[in-house]
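Enquirer:
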Amino acid sequence: SHINLPNSSILLKSHLSLVTFNYWSILKKNREIVNIDVELDNDIQQQESGFLNNINAFMFKEKVKFADRKEDSFKTFLDKVIPRTRQLFVLIKKYINHTTSYLKIIEYLEPFLVYPDDITF
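Quick note: the sequence shown, position 66, residue 57 per the numbering used here, numbers continuous.
(1) Please confirm whether Asn45 and Val25 have their CB atoms less than 9 Å apart.
(2) Quick one: what's got a C-beta closer than 6 Å to Asn33's C-beta in the same chain, skipping five residues either side?
(3) Can you give the Cα-Cα distance for Tyr106 and Ser92, rounded to whole angstroms?
(4) Where Ala48 and Glu101 are concerned, what is the direct C-alpha to C-alpha distance, given to the nearest angstrom?
(5) Going by DSSP in three states, Asn52 sits in which element: helix, strand or coil?
(6) Below 9 Å between beta carbons: does that hold for Lys61 and Asp28?
(7) Quick one: what's got a C-beta closer than 6 Å to Lys85's C-beta in the same chain, skipping five residues either side?
(8) Looking only at C-alpha atoms, which of Thr76, Leu18, Glu30 sits nearest to Lys54?
Listed below in structure tokens is the structure:
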């Protein structure tokens, strides 16, 4: 939501605070949750078609025991699950309409915590 983002105006935040959002409205019993197995050896390919349409559950699969894991296993898991800025832009660019300004494009990426300092290409 834009209500907690730093670049949202006070007017927008006040309008958004009037909207009641209940998690139960999207998390119903018949809602399909897509399970994605994540292994440290393989990369995850994000699907462009259903990027924002599904709820994804990322399951960490590792072949070694918990005691034998490396210390950076969790960081590696997060690197696999969270897309890089370039990949995120490719996934979200079809939702960016009628925008020619750099800052307007950043506004679309802001819910993903991407700001002008994060753009390097």
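Think of the CB as a built atom: it goes at the ideal place given N, C-alpha and C, for glycine as much as any other residue.
Expert: Reading off the structure:
(1) yes
(2) none
(3) 14 Å
(4) 23 Å
(5) The question names Asn, but residue 52 is Lys in the sequence shown. It is a strand residue.
(6) no
(7) none
(8) Glu30
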